[in-house]
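Enquirer: Have a look at this one.
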Amino acid sequence: NPGNFTADLAVTFVEAVTGDVGPGAITARYRDSATGSISASTVEGTVTSMEHTITTVGTVIFTFTGGSFDLTNNDASTQSVVITVKLQRDGSDIEGATGTIALNLPAGNTQSIPMSIATDDAPSAGSHTYRVRWTMAGSASSKTVSLAARCMSLVDLAR
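Numbers 2 to 160, taken from the numbering used here, label the letters of the sequence shown in order.
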């Protein structure tokens, strides 16, 4: 019995900016329907193909990353699972760019859960490497997580 899940979403707009996005503004875009996976023994890893180096002019970079997480419990009983996803620039976490999925996953069950992280960042001018990192924790030793339909966009708002 997989159970019923409900979610509430609240969106607050802090600032609205309109205008055209100039040529070269989208400096990195990645979309892939393949999956990467981690097991319970993985401490932390970079999501496959979700690491990009861009050159900025020292203004705001809008970042978006997301995908559909498929969590599978191969254990004989219900297990707790916690997935943490974070966006980093140059090896350091970007404040406010972390997401967490926590649930009790029934035995032999797979749940698909979408997640996205969007934020702005203000790096200095120069080259910077953005990457998506993930970790999995929980009580089962035989569980896996895959990230399907993953994407990453970095938009230089000065262009």
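Think of the CB as a built atom: it goes at the ideal place given N, C-alpha and C, for glycine as much as any other residue.
What are the start and end residues of the beta strand (DSSP E) that includes Gly-68?
Expert: What you label residue 68 is simply residue 67 of the sequence shown in a count that begins at 1. Where Gly-68 is concerned, the enclosing beta strand (DSSP E) stretches over 62-74.
Enquirer: Reducing DSSP to helix, strand and coil, say where Glu-45 ends up.
Expert: Position 44 of the sequence shown, counting from 1, holds the residue named residue 45. Reduced to three states, the DSSP call for Glu-45 is coil.
Enquirer: What does Gly-139 pair with, by DSSP beta-bridge criteria?
Expert: In the sequence shown, the residue the question calls residue 139 occupies position 138. According to DSSP, which records beta bridges pairwise, Gly-139 is partnered with Val-82.
Enquirer: When we look at the beta-carbon of Asn-74 and count the other beta-carbons within 10 Å, is it buried (16 or more) or exposed?
Expert: For the purposes of this step, residue 74 is identified with residue 73 of the sequence shown, where counting begins at 1. Per the 10 Å Cβ criterion, buried.
Enquirer: Please name the residue in Asp-76, Gly-68, Gly-92, Ser-69 whose C-alpha comes closest to that of His-53.
Expert: As a position in the sequence shown, residue 53 is number 52, starting the count at 1. Nearest of Asp-76, Gly-68, Gly-92, Ser-69 to His-53, Cα basis: Gly-92.
Enquirer: For Val-133, name the three-state secondary structure that DSSP assigns.
Expert: Numbered from its first residue, the sequence shown carries residue 133 at position 132. Looking at Val-133 - three-state DSSP - the assignment turns out to be strand.
Enquirer: Where DSSP assigns a beta bridge to Pro-115, which residues make up the other side?
Expert: Taking the sequence shown and counting its residues from 1, one reaches residue 115 at position 114. DSSP lists Ser-69 as partners of Pro-115.
Enquirer: To the nearest angstrom, how far is it from the Cα of Asn-105 to the Cα of Met-137?
Expert: Position 104 of the sequence shown holds residue 105. Position 136 of the sequence shown holds residue 137. Each residue's Cα considered, the two are about 13 angstroms apart.
Enquirer: Under three-state DSSP, which class holds Leu-104?
Expert: Working through the sequence shown from its first residue, we reach residue 104 at position 103. The answer is strand: DSSP assigns Leu-104 an E or B state.
Enquirer: Output the distance between the C-alpha atoms of Gly-109 and Ala-77, rounded to the nearest integer angstrom.
Expert: Here residue 109 refers to the residue found at position 108 when the sequence shown is read from its first residue. Here residue 77 refers to the residue found at position 76 when the sequence shown is read from its first residue. Going by the C-alpha atoms only, they are around 7 angstroms apart.
Enquirer: Going by DSSP, what residue range makes up the beta strand (DSSP E) through Asp-91?
Expert: The count along the sequence shown starts at 1 and reaches residue 91 at position 90. Segment: none, Asp-91 is in no beta strand (DSSP E) and carries neither H nor E.
Enquirer: Look up Val-58 in the DSSP assignment and say whether it is helix, strand or coil.
Expert: One-based indexing of the sequence shown puts residue 58 at position 57. Looking at Val-58 - three-state DSSP - the assignment turns out to be coil, as it is neither helix nor strand.
Enquirer: Let's test the definition: count the other Cβ atoms within 10 Å of the Cβ of Leu-155 and tell me whether it reaches 16, buried, or not, exposed.
Expert: The residue given as residue 155 occupies position 154 in the sequence shown. Under this definition Leu-155 is a buried residue.
Enquirer: Over what stretch of residues does the beta strand (DSSP E) that includes Ala-149 continue unbroken?
Expert: As a position in the sequence shown, residue 149 is number 148, starting the count at 1. Run containing Ala-149: 144-157, per the beta strand (DSSP E) assignment.
Enquirer: By Cβ distance below 6 angstroms, which residues in the same chain neighbour Ile-118 in space, the five residues on each side in sequence not counted?
Expert: To locate residue 118, count along the sequence shown from 1; it is residue 117. Answer for Ile-118: Thr-66, Leu-88, Ala-98, Gly-100, listed in chain order.
Enquirer: So what's Ala-98 in DSSP terms, helix, strand or just coil?
Expert: For this step, residue 98 is matched to residue 97 along the sequence shown. Ala-98 falls in the strand class under three-state DSSP.
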